[in-house]
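One structure is given here, and the rest of the page talks about it.
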Amino acid sequence: MIYRGTSGCEGCSESVQVLLESAYPDINVTFAGPDEDVQINAESLRQVDIFVQPGGPDLEQAWEEAEPYAADMRDFVARGGWYLGFCLGAFLAGPDTGFGLIPEGDKAAREIERPNAQVDDMEDTVIQVDWTFSTGKKQGTTERERWLYFQDGAAFILSDHSPTTVLARYSQNGDVASTLNAFGQGWVANVGPHPEADQSWYDLEDVENPEGVRSDIGIDFVRAALGTASRNTHDKRMAKLTAMRDLIAASED
2 MIYRGTSGCE
12 GCSESVQVLL
22 ESAYPDINVT
32 FAGPDEDVQI
42 NAESLRQVDI
52 FVQPGGPDLE
62 QAWEEAEPYA
72 ADMRDFVARG
82 GWYLGFCLGA
92 FLAGPDTGFG
102 LIPEGDKAAR
112 EIERPNAQVD
122 DMEDTVIQVD
132 WTFSTGKKQG
142 TTERERWLYF
152 QDGAAFILSD
162 HSPTTVLARY
172 SQNGDVASTL
182 NAFGQGWVAN
192 VGPHPEADQS
202 WYDLEDVENP
212 EGVRSDIGID
222 FVRAALGTAS
232 RNTHDKRMAK
242 LTAMRDLIAA
252 SED
């Protein structure tokens, strides 16, 4: 299930759909939101394994819309669901204006307001990250100073004893850019930049990616979240997706 509505940016939900289908071609995607056939509530969440909150322009507006089903979302994840948050979706996973899906003591902050941030304004641009690959032929390697699309994305401030797994850091200041954590029996994966951004995003805002637009980080983010979580929880619902991921990864080697 992917959120689609006024709290999301135009085209963001569809870009996430393309990314999910690139990682897992047989995945079934449903869009849900205030103007969709499917509304987000306890009943609809019981019909899916994964919920994705894409990027959007305004956290306060998004939280005003999402707060009525916040308890349903926490219950969905706690019972074994997967939450994937991209940019705004990562903020919504936080403890204040959000669902409260990250460990106690951790928080999401605006990277543009952090010390020594590479980007310090709200303009659409690119930012560099050090990404540690969790899947495929690059598994276990960290590619430094990779460029990703960025627009006022989240950084994650972790407590000293946080159980959160760090998937990536912003290259310039070392802030955490992407995370994976358990929540009850479920899992939560968040990313501050936009690894789902395709060429149309760059063309629309006249932004250039110095290394070209690539999907490998986005695909790794999705496969890391679902595959790693599946192995750790021994959850049979994701066995097919995990097997497919491994077959695809093997073909890429």
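Here the working numbering runs 1 ahead of the position in the sequence shown, where the first position is 1.
Virtual Cβ for every residue (Gly too), placed ideally from N, Cα, C.
Note that this is a predicted model, so its numbers are computed, not measured.
Classification of residue i by the beta-carbon crowding that lies within 10 angstroms, buried from 16 upward
| i | result |
| --- | --- |
| R260 | The first residue shown for the chain is 2 and the last is 254, placing residue 260 beyond what the model contains. |
| N174 | exposed |
| P194 | buried |
| P55 | buried |
| Q200 | exposed |
| Q40 | exposed |
| L102 | buried |
| A72 | exposed |
| D122 | exposed |
| K153 | Correcting the residue type first, residue 153 is Asp in the shown sequence and not Lys. That one is buried. |
| M2 | buried |
| T136 | buried |
| R5 | buried |
| N117 | exposed |
| G141 | exposed |
DSSP state of residue i mapped onto helix, strand, coil
| i | result |
| --- | --- |
| E102 | According to the sequence shown, residue 102 is Leu rather than Glu. Residue state, collapsed to three classes: coil. |
| L93 | helix |
| I128 | strand |
| Q54 | strand |
| D73 | helix |
| A118 | coil |
| V223 | helix |
| G86 | strand |
| G228 | helix |
| S163 | coil |
| G81 | coil |
| V17 | helix |
| D59 | coil |
C-beta atoms of residue i and residue j nearer than 7 angstroms
| i | j | result |
| --- | --- | --- |
| D221 | F87 | no |
| S8 | A94 | no |
| Q48 | V30 | no |
| V130 | A178 | yes |
| V167 | Y84 | no |
| A109 | A91 | yes |
| D76 | S163 | no |
| W148 | I218 | no |
| A156 | D176 | yes |
| G197 | S16 | Gly is not the amino acid found at residue 197; the sequence shown has Glu there. Taking 7 angstroms as the Cβ cut-off, E197 and S16 qualify as a contacting pair. |
| G185 | G82 | no |
| N210 | V127 | yes |
DSSP bridge partner residues for residue i (one or two, in chain order)
| i | result |
| --- | --- |
| A109 | F157 |
| V39 | A33 |
| L149 | I128 |
| F134 | According to DSSP, F134 bridges with nothing at all. |
| Y203 | Paired residue(s): none; Y203 is not in a bridge. |
| H195 | Y150 |
| I3 | F32, V53 |
| S179 | A169, V192 |
| T143 | T133 |
| G187 | F184 |
Distance cut-off 6 angstroms: residue i Cβ against heavy atoms of the ligand ZN
| i | result |
| --- | --- |
| N182 | Among the components of this structure there are no ligands whatsoever, and the ligand ZN is therefore not found. |
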